[in-house]
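Counting along the sequence shown from 1, when you hit position 69 you're at 75 in this note's numbering, and nothing is skipped either side.
Just so you know, even glycine gets a beta-carbon here, dropped at the ideal spot from N, CA and C.
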Amino acid sequence: MTQDAKPAKDKPWLFRTYAGHSTAKKSNELYRSNLSKGQTGLSVAFDLPTQTGYDSDHILSKGEVGKVGVPVCHLGDMRALFDDIPLEKMNTSMTINATAPWLLSLYIAVAEEQGADVSALQGTVQNDLVKEYLSRGTYICPPKPSLAMITDVAAYTREHLPKWNPMNVCSYHLQEAGATPEQELAFALATAIAVLDDLKKKVPAEAFPEMVGRISFFVNAGIRFVTEMCKMRAFTELWDEITRDRYGIEDAKFRRFRYGVQVNSLGLTEQQPENNVYRILIEMLAVTLSKNARARAVQLPAWNEALGLPRPWDQQWSLRMQQIMAYETDLLEFGDLFEGNPAVTAKVEVLKDGARAELDTLDSMGGAIAAIDYMKGRLVDSNAARINRIEAEETIVVGVNRWQQGEPSPLTAGDGGIMVVDPAMEQDQIDRLNAWRVERDEGAVQLALGALRDAAKAGENIMPASIAAAKVGATTGEWAGIMRKVHGEYRGPTGVSRSPSNQTEGLEDIREAVDAASTQLGRRLKFLVGKPGLDGHSNGAEQIAFRARDCGMDITYDGIRLTPEQIVAKAIEDQAHVVGLSILSGSHIPLIEELMDRMRAAGLDHVPVVVGGIIPDEDAARLRGFGVARVYTPKDFELNRIMMDIVALATPSEAAA
7 MTQDAKPAKD KPWLFRTYAG HSTAKKSNEL YRSNLSKGQT GLSVAFDLPT
57 QTGYDSDHIL SKGEVGKVGV PVCHLGDMRA LFDDIPLEKM NTSMTINATA
107 PWLLSLYIAV AEEQGADVSA LQGTVQNDLV KEYLSRGTYI CPPKPSLAMI
157 TDVAAYTREH LPKWNPMNVC SYHLQEAGAT PEQELAFALA TAIAVLDDLK
207 KKVPAEAFPE MVGRISFFVN AGIRFVTEMC KMRAFTELWD EITRDRYGIE
257 DAKFRRFRYG VQVNSLGLTE QQPENNVYRI LIEMLAVTLS KNARARAVQL
307 PAWNEALGLP RPWDQQWSLR MQQIMAYETD LLEFGDLFEG NPAVTAKVEV
357 LKDGARAELD TLDSMGGAIA AIDYMKGRLV DSNAARINRI EAEETIVVGV
407 NRWQQGEPSP LTAGDGGIMV VDPAMEQDQI DRLNAWRVER DEGAVQLALG
457 ALRDAAKAGE NIMPASIAAA KVGATTGEWA GIMRKVHGEY RGPTGVSRSP
507 SNQTEGLEDI REAVDAASTQ LGRRLKFLVG KPGLDGHSNG AEQIAFRARD
557 CGMDITYDGI RLTPEQIVAK AIEDQAHVVG LSILSGSHIP LIEELMDRMR
607 AAGLDHVPVV VGGIIPDEDA ARLRGFGVAR VYTPKDFELN RIMMDIVALA
657 TPSEAAA
């Protein structure tokens, strides 16, 4: 190399921003704007009704439409979402799981309308149902038919979309639910094994190695940057080991661990939110510095996601962070910076040993599908331990449990630092959905849905029938309705046992207070924890129920996706002394307003209601105006204080005051 020659630079990873909101048209404008700013791939966020297989006008969709992503009910919505975006030239990641076969069908139908060569389409559907049962909650059907749908998509793409990644094994949400690095490694790899074992039956033997090579992963990178980097190296080495030894894959390129990442949102704080910029940058280093374990695609959250929905400017700021790392630094000019480092090598081996031990346990239970209840319980326990460490200041979180005093953030001045979705957007979406139904050929739709039902009942690959239904105008709710009728619905494990607990260390004062209140009430203090709406982020509700149980309360927590009507009926049945509600999707105003109206109508005005979630101050004031007794947000991390509030609210003298 001559003295003046520049070192060869690696190509940067794909720059993505996870985005979508309000309507397909609004989201399309955002995508085209982000692409013009240098984003190199799309990452589509769908709203909760779309993720859980409901149309925008379903009773469970109320208040949820367009809140955490874009609503896509039919071909017209998908068409509007990608208007003027040539899909043949795009790399699109769609964060969709239970309805993945349907959303991919709509995507294929739009690509065909654009005149694209479908075999040239590039992108990914997340399509990981196992982690939905463990952490995210957007499942529909039981595990076995859901696994079959995952592998239907994979088998179909092998034949028709050879460049498409049919599944992201998604460990991201496992860490958000409290997984240790060893659990994140083991649970994700066990999921991939379950998928490959099933897929092996659906593709020719000679095509299987290539399909192994097309399974990708979507991983979380937390703030413990050295551990997270070592975790990625462990993932890479374990995957190579599993694909070689379990599946006999000889070609090294098919054993490569291919992963995209979103860095951790769990650690983003409502307090001093400007600090989140540094957290995001440090977390990105874990998945970019080490060439041998570098992510193929990176998407970063925005600094204000603990406050609410990021604005376009906030997303641009996160995109610029990636571009500065890739283009202004010399990172991409060097090989792996950590190869041969003894500390890194030792940590990787420790993580691999821990993951192998957990994988052996899962294997002994029959694999990931059979071990869902076990894994859920482990995650809830790990998350409780994580929260305990923060409360005890064993884990320091700047601005939360240490150095809480600081200057007000100018970033949250004016509009509060977040984007608010116009409530009128929901009715606009419903009006367009109704117009779509009127204009379509209803006979053709019913024929297509009948063919879909027959394919599902017969155990055939559902992709061809799904694409046919998409083209004639069937809706998301209709597609999912067929799956529900054929396979049934599923209620996932909560991971929270109602059995009395012996985990009482540090809780003695609260347990005494619970006993005293129970004596006054004439029976054990009854605390009902509910999650109204479609929000499947259950970590907060689980930890509240878990701690309340350990404090000696009689708890009811039936999991996610309940209507206000169901929660009020349960409050009557259980004669609840306090009702606690958790909503993180931004739909708290309409859902809590309806619930409080139903509580009054049922004569339950005397039962205190407490609410937790990502709730701006002005919304908290409105909730209190509805009659809510207490409002908690992510800054209220001291669960014992919340427990004492619940005891006080349930105590007869307090209630009478």
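When DSSP labels each residue in this structure, what does isoleucine 561 get in the three-state scheme?
strand
If you drop the 5 nearest sequence neighbours on each side, which residues of the same chain put their C-beta closer than 6 Å to that of arginine 142?
His179, Gly542
Out of Pro499, Arg443, Ala486, which has the shortest C-alpha to C-alpha gap to glycine 479?
Arg443
Beta-carbon contacts of histidine 166 that lie in its chain and below 7 Å, excluding the five residues immediately before and after
Val124, Ser125
Minimum C-alpha distance to asparagine 545 - residue among Leu531, Glu432, Gly501
Gly501
Go ahead and label methionine 7 buried or exposed: buried means 16 or more other beta carbons lie within 10 angstroms of its beta carbon, across all protein chains shown.
Because methionine 7 carries a pLDDT of 45, less than 50, the predicted location of this residue cannot be relied on, and no value is offered for it.
Taking contact to mean 3 or more Cβ pairs, one atom from each stretch, closer than 8 Å, check whether the segment 372-391 and the segment 187-197 are in contact.
yes
For the putative contact between leucine 93 and leucine 140, defined by C-beta atoms under 8 Å, what is the C-beta separation to the nearest angstrom?
Not confirmed; about 32 Å, so no contact.
For isoleucine 468 and proline 187, which I take to be in contact (beta-carbon distance under 8 Å), what is that distance rounded to the nearest angstrom?
About 36 Å separates the two Cβ atoms, so there is no contact after all.
Can you tell me whether DSSP reads isoleucine 589 as helix, strand or coil?
strand
Arginine 567, buried or exposed, once every other Cβ within 10 Å from all chains shown has been counted against 16:
buried
How about leucine 109 and valine 131: are their beta carbons less than 8 Å apart?
yes
Taking the runs of the alpha helix (DSSP H) that are 4 residues or longer, which of them lie wholly in the segment 312-355?
318-329
Could you check where the alpha helix (DSSP H) with serine 111 kicks off and where it finishes?
106-119
Can at least three beta-carbon pairs, one atom from the segment 95-102 and one from the segment 455-475, be found at a separation below 8 Å?
no
Here's a check: name, in chain order, each residue in its chain whose Cβ is nearer than 7 Å to the Cβ of tyrosine 162, leaving out the five neighbours to either side.
Asn467, Met469
Are arginine 264 and leucine 274 close, meaning C-beta to C-beta below 8 Å?
no
Hey, leucine 590 and valine 617: beta-carbon distance below 8 Å or not?
no
Can you name the start and end residues of the alpha helix (DSSP H) that serine 39 belongs to?
30-42
Please list the terminal residues of the continuous beta strand (DSSP E) segment that includes glutamine 305.
303-305
Can you give me the C-alpha to C-alpha distance between valine 406 and lysine 353, rounded to a whole angstrom?
29 Å
From Asn440, Val574, Val492, pick the residue whose C-alpha is nearest to that of aspartate 63; which is it?
Asn440
Start-to-end residues for the beta strand (DSSP E) that takes in threonine 98:
97-101
Going by DSSP, what residue range makes up the alpha helix (DSSP H) through threonine 144?
Segment: none, threonine 144 is in no alpha helix (DSSP H) and carries neither H nor E.
Give the straight-line distance between the Cα atoms of aspartate 651 and glutamate 70, rounded to the nearest whole angstrom.
29 Å
Give the range of the beta strand (DSSP E) segment to which leucine 534 is assigned.
532-536
Exposed or buried, proline 210, counting other C-beta atoms within 10 Å across all chains shown (16 or more means buried)?
exposed
Measuring alpha carbon to alpha carbon, tell me which residue in Ile620, Val201, Leu291 is nearest valine 232.
Leu291
Beta-carbon contacts of phenylalanine 214 that lie in its chain and below 7 Å, excluding the five residues immediately before and after:
Lys206
Just list the beta strand (DSSP E) runs in the segment 128-204, keeping only unbroken ones of 3 residues or longer that don't cross its boundaries, in chain order.
128-131, 174-176
Using only the alpha-carbon positions, how far apart do asparagine 174 and alanine 374 sit?
16 Å
Tell me the rounded alpha-carbon separation between arginine 647 and threonine 418.
27 Å
Phenylalanine 224, enclosing beta strand (DSSP E) - first and last residue:
222-227
Bridge-paired residues (DSSP) for phenylalanine 263
Phenylalanine 263 pairs with nothing; no bridge assigned.
For lysine 169, collect the residues of the same chain with a Cβ closer than 6 Å to its Cβ; drop the 5 residues on either side in sequence, then sort them by chain order.
Gln128
Confirm, please, whether the CB-CB distance from arginine 326 to leucine 20 is below 8 Å.
no
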